[in-house]
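Remarks on the structure that follows.
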Amino acid sequence: MARALVSHLDESGQMHELLSHRARAAESSAIRDLLRHAEAPGVLSLAGGLPSAAMFPVADVKQAADCALSERSTLQYGLSEGSADLRAILAGPDGDPSRVVVTTGSQQALDLLGRVLLDPGDQIVVPDPCYVGARQALGSTGAVLVGVDGDVDGLDTDSLADRLADGLSPKAVYVVANFDNPSGAVLAAGRRRMLTALAERYGFVIIEDDPYGALRYDGTPVDDVGPASDNVVRLRTVSKTIAPGLRVGWMSGPDWLMDAAVVAKQSVDLHTSTVTQAIVGRLLGENEWLDNHLAGLRPWYRAQRDAMVEALDTDLADAEFGVPEGGMFLWVRLPGVDTTTLLRSAIETGVAFVPGSAFAVDRNLSEYLRLSFATVDRCEMSVAVDRLAESVARAA
Ligand SMILES: Cc1ncc(COP(=O)(O)O)c(C=O)c1O
């Protein structure tokens, strides 16, 4: 047996030839390797999209867990589509629970949708820059990711319309309409309507990934993308509002798509944890619990954002960025600076960020970086930005 395996070893002794094409094609990233150093003691990380642990509602989660575990069935296997109680809560009084599928975070919803929608060679439109996890989940199917630029109003739907008229034929368009990761942009109301009209005309699915919609700090909410359209599947999660460790997300969309996703989910993980579904069900099912929790969360994150903006204005006058009305990220341009090179020296200086090229599909985003204002302690925000400014000055 050992002898047979030897023939699969490469020079470094790895059995890579046994890996599937899909596994071998999976992106491994130099930036991800560099960002491992962001975890080193003393490094202030503006890199990850981690919600603030200080704001986790630990006592409420504990109490909900206690109640949930008072019923033995909470520890039993559950349905692949999710618990009936939670789905009814997530659908809301006017929604249809049968169209809701509970997922293990919205990352799993992206993976499931990739599995059931995309064959190798199919086209899928993504924003450029694009959330790395979506690029990985959707790209690992062998589908061709087609990047469409955006601006402060989100995905450029005029440009999409031109490309569709020229023969682009995507099965789906992926969009983070509220406080995009990484750009922070909100898709403007007119563009939401146009995207829905294009989906209905050309027959593609809109995958609307919405982890940040509840985290609005200023301005007025914009209507959902295609609220009544059968071409939209909407992904939501408790990761940014309650806690990501619960791994509870959900999607709602047309029956044919939800049915196929449930079949795919059966082979992926049978079902999302019954324990964390029950915890989330108790929290969200309690009258006004979420509203009260969000009422504490929003001003806290707003102050984090404002602290970062103030520090950038003071220490990094060359930085170009818009102030997002919500979410967790500032998308910053440093003219003339290669931010991937900058990251190495920034980590030495004691601060980490994600370089723009990590999010690039087709564009050159080497002068951009994403800064998260969610994780670093507010009192350390100016130190972190100071260090960033110091490494920029050294790179000049
Ligand atoms: C745009 C976007 N989609 C999906 C996810 C994954 O969220 P979850 O923890 O629900 O899997 C993230 C997490 O950062 C995200 O930013």
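Residue numbering for the sequence shown is 23 to 418, as defined by this note's numbering.
Just so it is clear, CB atoms sit at the ideal spot from N, CA and C, and this is done for glycine as well.
For the set Ala76, Leu352, Ala110 and Leu279, the Cα lying nearest the Cα of glutamine 299 is the one of Ala110. Under the three-state reduction of DSSP output, phenylalanine 351 falls in the strand class.
An exposed status is given to proline 321, since fewer than 16 other beta-carbon atoms sit within 10 Å of its beta-carbon. Taken atom to atom, the span from the alpha-carbon of serine 95 to that of proline 276 is near 30 Å. Counting only runs of 3 or more residues that sit fully inside the region 141-198, the beta strand (DSSP E) segments are 145-150, 166-173 and 194-197, in chain order. For glycine 235, same chain residues with a beta-carbon under 6 Å away, outside a window of 5 residues either side, are Asn200 in chain order. Exclusion of the five residues before and after proline 149 leaves Gly172 and Leu177 as the residues of its chain whose Cβ lies within less than 6 Å of its Cβ.
When distances are taken from the beta-carbon of tyrosine 196 to the heavy atoms of ligand 1, even the shortest one reaches 7 Å or more.
Spanning the alpha carbons of aspartate 231 and glycine 127 requires a straight line of approximately 11 Å. Sequence-distant partners of valine 65 (beyond 5 residues in either direction) whose C-beta falls short of 8 Å from its own C-beta, in its chain, are His59, Ile369, Gly372, Val373 and Ala374.
In the DSSP assignment, arginine 258 falls within the unbroken beta strand (DSSP E) covering 254-259. For the beta strand (DSSP E) assignment, the uninterrupted runs of no fewer than 3 residues enclosed by the region 349-393 are, from N- to C-terminal side, 351-355.
Note that the C-beta distance between asparagine 203 and tyrosine 153 is below 8 Å.
At a Cβ-Cβ threshold of 8 Å, tryptophan 272 and valine 123 count as neighbours. Sequence-distant Cβ neighbours of threonine 336 in its own chain, meaning closer than 6 Å and more than five residues away, do not exist here.
Around the beta carbon of histidine 293, 16 or more other beta carbons sit within 10 angstroms, so the residue counts as buried.
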